[in-house]
Amino acid sequence: MADNKIVFVAFAIEDERQRDFLKGQSLHPRAPYEFIDMSVKQPYDSGWKDKVRTRIRRSHGVIALVSKNSLTSTGQKWEIQCAKDEGKPLLGIWAYSNDRTNLVGLRTVAWTDANIADFIDSL
């Protein structure tokens, strides 16, 4: 089997529980991928952006959990832009079934195993 794929997860801190659900999918013993993120509970220190950029560069792709909280999350917006700047494959997943917030310039799909697997398989 090929090496595990590393997928960076960009999300608004208000959607941390949804991030936990997404990361839980990678705990299956046969899951050929690992999710990483840079969630912070304190204000960003000066080195935060450098650390995030390094992690995104090391990732095979980026999944953004999209919700109404994404509209005001400066950290998540920066992570998405960083992924674009680094040329990383990027996919938006709606964090909630009843929230179809759209972010300009981000293809966003429903949260299904097939949509996530197809994206990861494409990396």
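Numbering (UniProt numbering), first residue to last: 1 to 123.
Where a beta carbon is used, it is the ideal one built from N, C-alpha and C, also for glycine.
Using three-state DSSP, classify residue i as helix, strand or coil.
i	result
L103	coil
K5	strand
Where residue i and residue j are concerned, what is the direct C-alpha to C-alpha distance, given to the nearest angstrom?
i	j	result
F119	L91	7 Å
residue 124	L65	With the chain represented from 1 up to 123, any question about residue 124 goes unanswered, as that position is not in the structure.
N4	N102	30 Å
Out of the options, point me to the one whose CA is closest to residue i's CA.
i	options	result
S59	F8, V66, F21 and A12	F8
K77	I116, K49, N98 and G24	K49
D99	L71, G105 and Q81	L71
V62	F21, V52 and E14	V52
Name the two residues that bound the continuous alpha helix (DSSP H) containing residue i.
i	result
A83	T74 to D85
I120	D113 to S122
F11	Segment: none, F11 is in no alpha helix (DSSP H) and carries neither H nor E.
D37	Premise fails: D37 is in no alpha helix (DSSP H) and is neither H nor E.
K51	W48 to R58
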